[in-house]
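J.:
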Amino acid sequence: MAWTDIEHVTSGNAKFANKFYNILSRKEGNVFFSPLSAHTVLAMAYQGAAKETAKQFASTLQVPDNQVAANGYNTIMSSLNKIQGVTLHIANKIFVMNGFPLNDAFKNTTKKLFLSKTVSVDFGDNVKSADKINKWVKNKTNAKIKDLIAPDSLNSLTRLVLVNAVYFKGAWDDTFDKKDTVTAPFFITETPENKVDCQMMRKTAYYDYRIDEELDAKIVELPYRNLNVSMVVILPNLIDGITKLEEKLMNVDLTTLTENMENEELELSLPKFKMETTMDLKPILEEMGLGTIFDASNADFSEIAETEERLYVNQVVQKAFFEVNEKGAEASAAASVQIMLCCYSPQFQFLADHPFVILLQVKYENSVNILFCGNIVT
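If you number the sequence shown the way this note's numbering does, the last residue is 380 and the count never jumps.
Shown next, in the form of structure tokens:
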């Protein structure tokens with residue numbers, strides 16, 4: 003049976019996420035990004051690419067062609083923005099230099115299929131232009147993402163800026179009780195002294211769970227109030243097993259991690275955390291095979307505009323914000339008490355007191371889309 007456009011795009015997003023994460027995880031410290039946001043904005047740029055540049059987009063985004071990408075994202079955006087029970091907004095916008103002659107085909111595709119309106123600005127007034135873009139992003143992300151575009155990254159030679167914003171806020175289907183949150187150690191390595199204190203949320207409840215022998219890890223799925231939206235935690239069995247786990251995940255379809263789960267009573271301990279990251283995606287995309295788009299001499303974006311000017315991508319920047327707490331998203335405060343064993347313990351324990359991998363995913367129309375991906379290592 004032939005794949006639908008949405009299946010091509012969700013599969014491509016998962017493969018893109020896997021490769022992107024593998025490169026990103028080499029850096030020290032926690033990593034976090036939205037593969038969906040990066041994949042979407044690049045798929046928009048793909049609509050204006052031609053020849054070798056278009057081939058690189060297809061290979062990097064893991065989609066057959068730009069029309070499949072556009073049709074797939076039209077369905078995805080329409081579906082995700084209608085999801086009930088959580089707040090999930092995905093928005094695109096194209097900011098274009100005053101008077102720049104965009105091709106009708108490019109303008110129509112991005113408007114109709116990517117739901118992206120075009121706004122004219124004067125990039126020569128870089129401060130005002132950056133402020134306009136940043137206000138739009140701030141509004142679409144409930145003020146969690148600010149100052150995405152630096153004024154000095156814009157000038158009179160800038161022709162267009164493509165922006166994607168993804169915002170998620172959701173409450174757990176089964177919330178944690180704040181009074182059960184305790185101060186507990188989080189072990190960064192096997193060395194007992196190499197640890198930090200964290201606020202550890204605790205709960206005994208039924209969760210979809212499995213032990214993956216090939217990954218040498220435990221996997222638990224924490225649903226939000228809309229059960230199609232969940233956070234997946236992959237915890238290596240060994241305290242210092244995160245590197246090997248990430249290597250093994252390179253060969254795993256991330257959208258299948260929650261298949262064949264069993265609903266088990268679980269004693270779950272999970273740290274509260276908040277992450278804010280800013281990334282220049284250029285070196286990662288170059289390593290993934292999309293370097294031509296940054297090359298002023300070889301990039302081909304001739305499908306964007308009817309002009310003799312040669313267009314190329316100056317930068318691709320992403321800011322991401324993610325917070326996990328007792329309610330599911332956005333809250334604070336916890337008590338500090340000593341952890342003690344109770345007299346009854348469920349058969350399974352999931353103690354996330356050492357580095358682990360997280361995914362935020364949405365299931366719909368027999369497919370899985372990865373919204374966010376990262377790890378907690380410190």
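All C-beta atoms in this analysis are idealised placements derived from N, C-alpha and C, irrespective of residue type, glycine included. Predicted model, so just to flag it, every value in this text is computed and none were measured.
Taking only three categories from DSSP, how would you classify isoleucine 295?
T.: Looking up residue 295 in the sequence shown gives position 293. Helix, per DSSP.
J.: Inspect the CB distances between the region 177-189 and the region 47-62 and report whether three or more fall short of 8 Å.
T.: Touching, no, given that fewer than three Cβ pairs across the two stretches are closer than 8 Å.
J.: What residues in its chain sit with their C-beta under 8 Å from that of tyrosine 211, if we drop five residues either side in the sequence?
T.: The residue you call residue 211 lines up with position 209 of the sequence shown. Excluding residues within five positions, the ones whose Cβ falls inside 8 Å are Lys220, Ile221, Val222, Glu223, Met263, Glu264, Asn265, Glu266, Leu268, Phe350 and Phe352.
J.: If you run the structure through DSSP and keep just helix, strand and coil, what is tyrosine 75?
T.: Numbered from 1 along the sequence shown, position 73 holds the residue referred to as residue 75. Helix at tyrosine 75.
J.: From the DSSP output, read off the bridge partner residues of arginine 126.
T.: As a working mapping, residue 126 is identified with position 124 in the sequence shown. Here residue 126 is glycine; the residue named in the question, arginine, does not match the sequence. Its beta-bridge partners do not exist; DSSP assigns none.
J.: Count the other CB atoms within 10 Å of the CB of asparagine 196; is the residue buried (16 or more) or exposed (fewer)?
T.: Here residue 196 corresponds to residue number 194 of the sequence shown, with the count starting at 1. Exposed, since its Cβ has fewer than 16 Cβ neighbours within 10 Å.
J.: Hey, would you say asparagine 253 sits closer than 9 Å to asparagine 15, going by beta carbons?
T.: Taking the first residue of the sequence shown as position 1, residue 253 is located at position 251. Taking the first residue of the sequence shown as position 1, residue 15 is located at position 13. No, Cβ-Cβ distance for asparagine 253 and asparagine 15 is not below 9 Å.
J.: Just the Cα atoms here: how many angstroms apart are threonine 120 and threonine 112?
T.: For the purposes of this step, residue 120 is taken as the residue at position 118 of the sequence shown. For the purposes of this step, residue 112 is taken as the residue at position 110 of the sequence shown. Approximately 9 Å, taken between the alpha carbons.
J.: Can at least three beta-carbon pairs, one atom from the region 18-35 and one from the region 272-282, be found at a separation below 8 Å?
T.: With the cut-off at 8 Å, the region 18-35 and the region 272-282 touch.
J.: What are the boundary residues of the beta strand (DSSP E) that includes glutamine 351?
T.: Here residue 351 refers to the residue found at position 349 of the sequence shown. Its beta strand (DSSP E) spans residues 350-353.
J.: For the beta strand (DSSP E) holding threonine 279, just list the boundary residues, first then last.
T.: Here residue 279 refers to the residue found at position 277 when the sequence shown is read from its first residue. 275-282 is the extent of the beta strand (DSSP E) around threonine 279.
J.: With isoleucine 244 and threonine 55 assumed to form a contact (beta carbons below 8 Å), what rounded beta-carbon distance in angstroms separates them?
T.: Numbered from its first residue, the sequence shown carries residue 244 at position 242. Numbered from its first residue, the sequence shown carries residue 55 at position 53. No, isoleucine 244 and threonine 55 are not in contact; Cβ-Cβ is about 36 Å, not under 8 Å.
J.: Report the rounded CA-to-CA distance for valine 364 versus phenylalanine 324, giving the unit in angstroms.
T.: In the sequence shown, the residue the question calls residue 364 occupies position 362. In the sequence shown, the residue the question calls residue 324 occupies position 322. For valine 364 and phenylalanine 324, the distance between alpha carbons rounds to 16 Å.
J.: Given this structure, state the Cα-to-Cα distance separating phenylalanine 303 from isoleucine 96, to the nearest angstrom.
T.: For the purposes of this step, residue 303 is taken as residue 301 along the sequence shown, with counting starting at 1. For the purposes of this step, residue 96 is taken as residue 94 along the sequence shown, with counting starting at 1. So the two alpha carbons sit approximately 15 Å from each other.
J.: Quick check for students: name the residue ranges of the beta strand (DSSP E) that lie wholly in the region 44-99, counting only runs of 3 or more.
T.: Segments of the beta strand (DSSP E) lying fully in the region 44-99: 89-99.
J.: Please state if the CB of leucine 115 and the CB of asparagine 83 are separated by a distance shorter than 9 Å.
T.: Taking the sequence shown and counting its residues from 1, one reaches residue 83 at position 81. Taking the sequence shown and counting its residues from 1, one reaches residue 115 at position 113. For asparagine 83 and leucine 115, no; Cβs fall outside 9 Å.
J.: Quick one: is valine 139 buried, meaning 16 or more other Cβ sit within 10 Å of its Cβ, or exposed?
T.: Taking the sequence shown and counting its residues from 1, one reaches residue 139 at position 137. Classification of valine 139: buried, given that the 10 Å Cβ count is 16 or more.
J.: Whose CA, out of Val315, Thr309 and Met290, lies closest to the CA of leucine 299?
T.: Residue numbering aside, residue 299 sits at position 297 when the sequence shown is read from its first letter. Residue 299 is actually serine in this sequence, not leucine. With distances taken between Cα atoms, serine 299 lies closest to Val315.
J.: Name the DSSP bridge partner or partners of threonine 120?
T.: Taking the sequence shown and counting its residues from 1, one reaches residue 120 at position 118. Per DSSP, Ile96.
J.: Sorted by chain position, which residues of the same chain lie with C-beta nearer than 8 Å to glutamine 340's C-beta, five sequence neighbours on each side aside?
T.: Looking up residue 340 in the sequence shown gives position 338. In this predicted model, glutamine 340 has a pLDDT of only 27, less than 50, meaning its place in the structure is not dependable; the value taken from the coordinates is given anyway. Around glutamine 340: Val184.
J.: Between lysine 321 and isoleucine 135, how many whole angstroms is the CB-CB distance? I'm expecting something under 8 Å.
T.: Locating residue 321 in the sequence shown gives position 319, where the first residue counts as 1. Locating residue 135 in the sequence shown gives position 133, where the first residue counts as 1. Actually they do not touch by this definition, with Cβ atoms about 12 Å apart.
J.: Just to check my reading of the structure: asparagine 110 and leucine 251 have Cβ atoms closer than 8 Å, yes? What is that Cβ distance to the nearest angstrom?
T.: In the sequence shown, counting from the first residue as 1, residue 110 sits at position 108. In the sequence shown, counting from the first residue as 1, residue 251 sits at position 249. So it is not a contact: roughly 39 Å between Cβ atoms.
J.: Pull the bridge partners of isoleucine 372 from the DSSP assignment, please.
T.: For the purposes of this step, residue 372 is taken as the residue at position 370 of the sequence shown. Partner(s): Gln363.
J.: Just to confirm my understanding: we take threonine 206, look at its own chain, exclude 5 residues before and 5 after, and list those with CB closer than 8 Å. What are they?
T.: Within the sequence shown, residue 206 is the residue found at index 204, counting from 1. Counting only Cβ-Cβ distances below 8 Å, and skipping sequence neighbours, we find Glu267, Leu268, Glu269, Leu270 and Pro348.
J.: Under the rule that 16 or more other beta-carbon atoms within 10 Å means buried, what is glutamate 248, buried or exposed?
T.: For the purposes of this step, residue 248 is identified with residue 246 of the sequence shown, where counting begins at 1. Its Cβ being crowded by 16 or more others within 10 Å, glutamate 248 is buried.
J.: Take alanine 71 and list the residues in its own chain whose beta-carbon comes closer than 7 Å to its own, dropping the five residues that flank it on each side.
T.: Here residue 71 refers to the residue found at position 69 of the sequence shown. The residues are Val11, Ala45, Tyr48, Leu63 and Val65.
J.: With DSSP as the reference, label serine 155 as helix, strand or coil.
T.: By 1-based counting over the sequence shown, the position of residue 155 is 153. DSSP places serine 155 in helix when its eight states are reduced to three.
J.: On the three-state DSSP scale, how would you describe asparagine 20?
T.: The residue you call residue 20 lines up with position 18 of the sequence shown. Three-state result, asparagine 20: helix.
J.: Can you tell me whether DSSP reads valine 168 as helix, strand or coil?
T.: Indexing the sequence shown from 1 puts residue 168 at position 166. Strand at valine 168.
J.: Based on the DSSP output, what are the partners of asparagine 300 in its beta bridges?
T.: Counted from its first residue, the sequence shown places residue 300 at position 298. Note: asparagine 300 sits in no beta bridge, so no partner.
J.: In terms of DSSP beta bridges, what is asparagine 265 paired with?
T.: On the sequence shown, residue 265 is found 263 positions in, with the first residue counted as 1. For asparagine 265, which the question treats as bridged, DSSP gives the partners Asp210.
J.: Between phenylalanine 374 and chain C, is any beta-carbon pair separated by less than 9 Å?
T.: No chain C appears in this structure, which consists of one protein chain only.
J.: In angstroms with no decimal places, state the Cα-to-Cα distance between serine 334 and threonine 6.
T.: For the purposes of this step, residue 334 is taken as residue 332 along the sequence shown, with counting starting at 1. For the purposes of this step, residue 6 is taken as residue 4 along the sequence shown, with counting starting at 1. Reliability fails at serine 334, whose pLDDT of 18 lies under 50, so the model's placement of it is uncertain and no value is given.
J.: Here's the rule I'm using: 16 or more other beta-carbon atoms within 10 Å means buried, otherwise exposed. How should proline 37 be labelled?
T.: If you number the sequence shown from 1, residue 37 lands on position 35. The residue in question, proline 37, is buried, as its Cβ has 16 or more Cβ neighbours within 10 Å.
J.: Under the three-state reduction of DSSP, which class applies to glutamine 37: helix, strand or coil?
T.: Within the sequence shown, residue 37 is the residue found at index 35, counting from 1. At residue 37 the sequence reads proline, which differs from the glutamine that was named. Reduced to three states, the DSSP call for proline 37 is helix.
J.: Starting from the C-beta of aspartate 124, find all residues in its chain whose C-beta is less than 6 Å away, skip the five residues before and the five after it, and write them out in chain order.
T.: Here residue 124 refers to the residue found at position 122 when the sequence shown is read from its first residue. Contacts found: Asn100.
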